[in-house]
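So in full-length UniProt numbering, spot 561 of the first sequence is number 561, and the numbers just go up one at a time. Where is the CB? At the ideal position from N, CA and C, for every residue including glycine. Some notes on the structure that comes next.
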Amino acid sequence: MDVPLWSTFSYLADRSLPRGQRVRVSFGSRRMCGVVTNNGNAEQQYAFRIKCVDEVFDELPPLPEAFLDLVNFAAGYYHHPYGQTLFTALPTALREPRAVRLPDRRVWRLTPAGRDAEVAPRHKVRHALWQALCADDLAPEGARAVAPSAATILKAWQDSGWVTRVDAAVPPLAVEGVIPLNTAQRAALDAIEASSAPHKPWLLHGVTGSGKTEVYLQLIERQLRAGRQVLVLVPEINLTPQLIARFTQRFPLTPTAVLHSHVADGERLVAWVDAWQGRARIVIGTRLAVFTPMPELGMVIVDEEHDGSFKQQDGLRYHARDLAVWRAHRAAVPIVLGSATPCLETLANVDAGRYRRLVLAERAHHAAALPTVRLVDVRRAKRSEGLTDEVLAALADRVRKRELSLVYINRRGFAPVVACTECGWLSGCPRCSAKLVVHLLERKLRCHHCGWEEAVPHVCPDCGNTDIKPLGEGTQRLEAALGRALPTARILRIDRDTTQRREAWNDIYRQVHAGEVDILVGTQMLAKGHDFGALSLVAILNADAALYSADFRASERLFSQLIQVAGRAGRAERPGEVLLQTQWPEHPLYQALVAHDFDRYAAELLGERRQLGFPPASFQAQLRADAPTLAEASDFLHTIRERLAQPAQASGVAVCGPAPALMVKLANRERAQLVLESPQRAALHQLLNQLTEWLPAQNVGRGLRWSLDVDPQDT
DNA sequence: AGCACGCCGACT
DNA sequence: GTCGGCGTGCTC
Ligand SMILES: [Zn+2]
Ligand SMILES: [Zn+2]
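And the structure:
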């Protein structure tokens, strides 16, 4: 049942019902949809009255075992109620206590009698339809294309035995526009093809523009040829019409289902069922697509595997990449995780020999040369309003030459770290290894990991400088300053507001490609896969704002973003240039960026995490609580902490907090969290099992809500 | 979660 | 006298 309860519920039925069967039952005073998980014993005595199943929804076969397996795993791993887990995995239409009506996807075929029938040419519509049927079977939408009134005519013909409906044959495979592979792509393809251990995950680590998608397409081609289905997961922001077109243009006859949250409910149900019944051979979707049943699954591809949008941030807080890995393993099919900037969790899996890495080090189509990256030391450089002369000169030069530049501005974080502008001192927590962040209203520095609090210092504790500021201060003014400094430049701003409209991106592309823009100005979102063609210059003004923050993943994320943004610079004839303003030019992150050495800094970050005992060197779960006041949330977490202290210590799980939550609070509610952390995943999960045994039954105060986040992304 | 039942303040 | 406020407890 779709309720936050950990038990299943018994009902009587007049016949045995298969696992996965959708039914309607009465539950309390409600009528609800339920899914059969197992058959009980008819003789069994219950201490309570058992109700009967009211209706069996057999318009669809029972949900397949592989689907139930995945749900079962997800419920266990994320410590989420089984019923709620199952229902989040279903398309919304199947959550309702109603039978679903699906379009009949069978095709119309002429019977021998129909073929012999004479349809006079003067009945224009009928004749056209008949001729079309003589040539080939007609799908319902195909018939409608021949004649809008086809449905009525075909019904009548069916009654007179001229046509029947049959399941459509899988259309033949057509492959168009194949691009020849370079050596590295070919090697990657061959390695995956030839592998004798197919279900060990692959990491396809390819620099921006190295042609990962072409490798995916050719892998998919092999699977389609072998009669298998392929599941492709992509980040929300990458699932554009252009991406879908790449697949449908390559395989024009192959039915492809697209699943993401913006697809309407009805359409999503149809796509889901098409995949389940094997009609759709390729499924492209965002994280929710990971649950789509696919009986002939042959391969899973997760593109941009480092992307945060694969993690669901409410309800069942699953990570689609991790579930996909489990699913592929279970189905014994290969899985390919692709990225230019794989996340540290994945790299740690490569180090441990659990995943295998394939590298595409060269750009496949742009120039062979990578852009030159130069750091501009803002402590030395002449600057006004946060813009150095060097950057301004470089921009002015491109404007004069009519070449496109991208200016990348990092917003100040919501709760920034405080830094000294002179010596680079940072507000670190004296009690743990996290950074303190400033809360300007209370004039306090606060640790969101362990809960430490102190007053904001007036001078730098290291050098006595009085100019200490929150990182990223002044960001808002940068864009205006840019406009004043380059009054003749045609600047196009790209942010959440300017891209809200449906056609916004098309407009932007059009303006850029028509040469109507000199400088694109944007924030984080520009890092993600938009193709503006060749960028002559990428200027990064304020990366320092994201270099340090309360979140230990900040530098990993920044590095990933910078690599991706820098990867956009360059054109066929000549490498592009990347200029980055910073107060810490010696920082290993920036040094690695200059050297185009992802691996070096990734290894350094990994070493740091191991040293500090942060993921992936440890495993975390976060117990969040929110209530009208912070005290209520904290008190609740304190009692949990006390009750957990004994077993946690015994199993080697550290409990940190409670600490007030970092994220913006919603409408008059305060949030706090407790972090559970262990180097042993099994120990952590054992403790979580204990926790979920008694916590749900606990009578928590009114207005208090709690949730559990396994492998949290923001801590 | 969602819904019913239950017990106390301002309305016809 | 009742409509409705949301606290408490249950759902096979
Ligand atoms: Zn200082
Ligand atoms: Zn701390």
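Looking at the DSSP output, Leu691 bridges to nothing.
In the displayed model, Asp599 falls within a helix according to three-state DSSP. Beta-bridge pairing by DSSP links Trp276 to no other residue. Three or more pairs of CB atoms, one per stretch, sit closer than 8 Å, so the region 154-164 contacts the region 102-121. Its chain contains Val399, Ala489 and Arg490 as the residues whose beta carbon lies nearer than 6 Å to that of Asp518, once the 5 sequence neighbours on both sides are disregarded; these appear in chain order. In this structure the region 293-311 does not lie against the region 684-702, because fewer than three pairs of beta carbons, one per stretch, are closer than 8 Å. The way I'd put it, the region 326-342 doesn't touch the region 254-266; fewer than three beta-carbon pairs between them come closer than 8 Å. When the alpha-carbon of Gly28 is set against those of Leu589, Val391 and Cys52, the nearest one is in Cys52. DSSP, read as helix, strand or coil, puts Ile50 in coil.
Judged by pairs of C-beta atoms under 8 Å, the region 227-235 does not touch the region 368-381, as fewer than three such pairs exist. As the crow flies, the alpha-carbon of Glu345 is around 20 Å from that of Tyr548. Distance from the CA of Ala621 to the CA of Arg643, rounded to the nearest whole angstrom, comes to 16 Å. Leaving aside the five residues that flank Glu214 on each side, the residues in its chain whose CB is nearer than 8 Å to its CB run, in chain order, Ile179, Leu181, Gln185 and Ala364.
Between the region 335-345 and the region 89-104, the count of C-beta pairs closer than 8 Å stays below three; the two stretches do not touch. Under the 8 Å Cβ criterion, the region 433-449 does not count as touching the region 571-590, having fewer than three qualifying pairs. Cβ-Cβ separation between Val35 and Val56: approximately 12 Å, too far for a contact (criterion under 8 Å).
Contact annotation: the region 1-18 touches the region 73-84, with at least three C-beta pairs closer than 8 Å. Taking C-beta separations shorter than 8 Å and ignoring five residues to either side along the sequence, the partners of Thr421 in its chain run Arg379, Asn465, Asp467, Ile468, Lys469 and Gln583, following chain order. Here DSSP, grouped into helix, strand and coil, assigns Tyr216 to helix. Per the coordinates, the alpha-carbon of Arg19 lies some 21 Å from the alpha-carbon of Leu297. Cα atoms of Ala187 and Thr37: separation of roughly 45 Å, rounded to the nearest angstrom.
Within the DSSP secondary-structure output, Ser678 pairs in a beta bridge with Phe619. Taking C-beta separations shorter than 6 Å and ignoring five residues to either side along the sequence, the partners of Leu492 in its chain run Val517 and Leu520, following chain order. Looking at Arg669, Lys435, Arg250 and Tyr590, the one whose alpha-carbon comes closest to that of Thr629 is Arg669. In the DSSP assignment, Ser196 falls outside any alpha helix (DSSP H) and carries neither an H nor an E.
Looking only at Ile335, Gly613 and Asn699, the smallest Cα-Cα distance to Ala191 is reached by Ile335.
Secondary structure of Asp137 (DSSP, three-state): coil. For Arg165 against Arg106, the beta-carbon gap comes to about 4 Å, under 8 Å, which counts as contact.
Put simply, the region 402-418 touches the region 534-552. At least three CB pairs are less than 8 Å apart. Considering only Leu691, Arg600 and Val273, the residue with the shortest C-alpha distance to Thr92 is Val273.
In the structure shown, Tyr590 adopts helical secondary structure according to DSSP, grouped into three states. Near ligand 2, meaning a beta-carbon closer than 6 Å to one of its heavy atoms, we find Cys429, Arg431, Cys432, Ala434, Cys447, His449, Cys450 and Trp452.
Listed as beta-bridge partners of Ser26 by DSSP are Arg31.
In this structure, Cys656 has its CB at a distance of at least 6 Å from all heavy atoms of ligand 1. For Asp462, the distance from the CB to the nearest heavy atom of ligand 1 is below 6 Å. Considering only Arg109, Leu63 and Trp108, the residue with the shortest C-alpha distance to Ala89 is Leu63.
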